[in-house]
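Residue numbers (our numbering), protein chains in the order written: chain A, 2 to 224; chain B, 29 to 325.
Just so it is clear, CB atoms sit at the ideal spot from N, CA and C, and this is done for glycine as well.
What follows is a set of notes on a single structure, which appears directly below.
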Ligand SMILES: Nc1ncnc2c1ncn2[C@@H]1O[C@H](COP(=O)(O)OP(=O)(O)OP(=O)(O)O)[C@@H](O)[C@H]1O
Ligand SMILES: [Mg+2]
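The structure is reproduced here in structure tokens:
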């Protein structure tokens, strides 16, 4: 699904990430941890083609990212739902239109019932017509998750999706992600929250990746 | 199935994904309106200059007259000399001395039908018809002076020739103005579109993130600018046509301004300006949007 082979990345200075090799198998669930500034967000950006590796090869859905045209990248993004650390929206459109934006740009019709279900699930049913600037940080994160999954993507990449959420809402999102994983979606969640990881391990066979000293490691069971 | 042109097709929420942008919208409409207004006048000028040129050209009926005054005993001799000279002058198709009857008919309006042409010392008139190449007026004058001292060449229509040339040039200038106006419109709309794209970098980032293709994003901008240009140009064209319509009519103004305006079906011509402006805006915005999008991410 997503495969990295001796991948390195640098923003121009020294290498931030070096010699990473990894396969994200279909249906797997991974957590990504590491100190702030270690390169978790950078790793996720490599995984959805926003950044190109400075060395090595990344394969998305069996195609080398370097061979993808701009349109190919657009099509690839429709199969990868991304929740960003800084959730960005179209501030002039109401929440509901923002959540259905992936459908809109793909020229697909939305199903009003599905949208209502989804918004209800992330606890935003009452805010469908609110404009994004009026939402709280947690509400934005939940909206971003709703937007990431509305297309039914094969892969979900979430960057600190629970950063601004209370424990109850964090668990709710985690449950949603594990549900999606049980349906066969590949999930990667970058997080600092060890409690969340422990909780998840009781729900799904999740694996933990840790970025430190420019390398990515499979963390042991010591968590 | 009939396909609508790409910029009119609306995939779902279409161009609402781009926020309404204040001053670039206004600038585009205003530019299109002002340029269309100017283009209407340039068009009117071109058409008027064209018909003026045609009218003057047609009245250059390629005739001239040689007036011959001579003592009575020499007049026939000199007439023969003049005709002989004319016959050997390149560029002259035919030359013919008018009969007394013809001359009488010519003078009748002024002096009445009973004019005794024979007894009056009237000059003899010789009518010349040019061929298409035309003749050298100054050369002919000199030869006539040598052969028949009493002969005067009167090429009364020649003065109009530079005017006809000037009118043709004027029409060319009018068309060049229209081309310049079109180019300037394209440039202004390109600038406005790039400014709008730059101002919406965040919107574009979000759209790309959720899987929008460049053509989709470009279309949202292109559609908007095309519609604005169309509406602005329609307003400008309307105002321009009213302005032309209110110009003094041919009868009261006379002179050079005669016929500055549209005649009959000519009024339909400025109606082409709004769709033409829209087409220019479409091409200009699309090219700049696709280029800009490639720069942005
Ligand atoms: N566009 C950029 N240009 C230059 N440097 C960058 C850029 N983006 C990130 N960096 C640097 O790369 C490093 C890794 O950034 P990244 O966002 O991947 O970290 P992170 O692991 O996600 O951190 P956090 O947990 O705080 O989100 C940081 O030192 C950051 O300053
Ligand atoms: Mg980060």
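Pull the bridge partners of residue i from the DSSP assignment, please.
i, result
"residue 17(A)", "BP columns for residue 17(A) are empty, so no partner."
"residue 93(B)", "155(B) and 182(B)"
"residue 82(A)", "157(A)"
"residue 122(B)", "157(B)"
"residue 218(A)", "211(A)"
"residue 10(A)", "18(A)"
"residue 30(A)", "188(A)"
"residue 56(A)", "9(A)"
"residue 23(A)", "5(A)"
"residue 65(A)", "60(A)"
Shorter than 6 Å, the distance from the beta carbon of residue i to the closest heavy atom of ligand 2, or not?
i, result
"residue 142(A)", "no"
"residue 41(A)", "yes"
"residue 230(B)", "no"
"residue 89(A)", "no"
"residue 86(A)", "yes"
Please classify residue i as buried or exposed, where buried requires at least 16 other C-beta atoms within 10 Å of its C-beta.
i, result
"residue 104(A)", "buried"
"residue 153(A)", "exposed"
"residue 99(A)", "buried"
"residue 5(A)", "buried"
"residue 51(B)", "exposed"
"residue 322(B)", "exposed"
"residue 108(B)", "exposed"
"residue 302(B)", "buried"
"residue 54(B)", "exposed"
"residue 30(B)", "No answer about residue 30(B) holds up, because its pLDDT of 44 lies below 50 and its placement is not dependable."
"residue 10(A)", "buried"
"residue 218(A)", "exposed"
"residue 160(A)", "buried"
"residue 180(A)", "exposed"
"residue 269(B)", "buried"
"residue 214(A)", "exposed"
"residue 193(B)", "exposed"
Are any of the Cβ atoms in chain B nearer than 7 Å to that of residue i?
i, result
"residue 159(A)", "no"
"residue 223(A)", "Because the pLDDT at residue 223(A) is just 46, under 50, the model does not fix this residue reliably, and the point stays unresolved."
"residue 87(A)", "no"
"residue 78(A)", "yes"
"residue 250(A)", "Only positions 2 to 224 of chain A appear in this structure, which leaves residue 250(A) out of reach."
"residue 141(A)", "no"
"residue 71(A)", "yes"
"residue 75(A)", "yes"
"residue 93(A)", "yes"
"residue 106(A)", "yes"
Cβ of residue i versus every heavy atom of ligand 1: is any distance shorter than 6 Å?
i, result
"residue 17(A)", "yes"
"residue 164(A)", "no"
"residue 38(A)", "yes"
"residue 10(A)", "no"
Please check if any C-beta of chain A sits within less than 7 Å of the C-beta of residue i.
i, result
"residue 256(B)", "no"
"residue 244(B)", "yes"
"residue 239(B)", "yes"
"residue 250(B)", "no"
"residue 298(B)", "no"
"residue 308(B)", "no"
"residue 276(B)", "no"
"residue 190(B)", "no"
"residue 47(B)", "yes"
"residue 68(B)", "no"
"residue 234(B)", "yes"
"residue 281(B)", "Model confidence at residue 281(B) stands at a pLDDT of 46, short of 50, so the residue's coordinates are unreliable; what they give is reported in the following sentence. For residue 281(B), the answer is no, since every Cβ of chain A falls outside 7 Å of its Cβ."
"residue 207(B)", "no"
"residue 231(B)", "yes"
Can you confirm whether residue i, when its beta carbon is compared against all beta carbons of chain D, has any partner nearer than 7 Å?
i, result
"residue 270(B)", "Checking the listed chains, one finds no chain D in this structure; the protein chains it contains are A and B."
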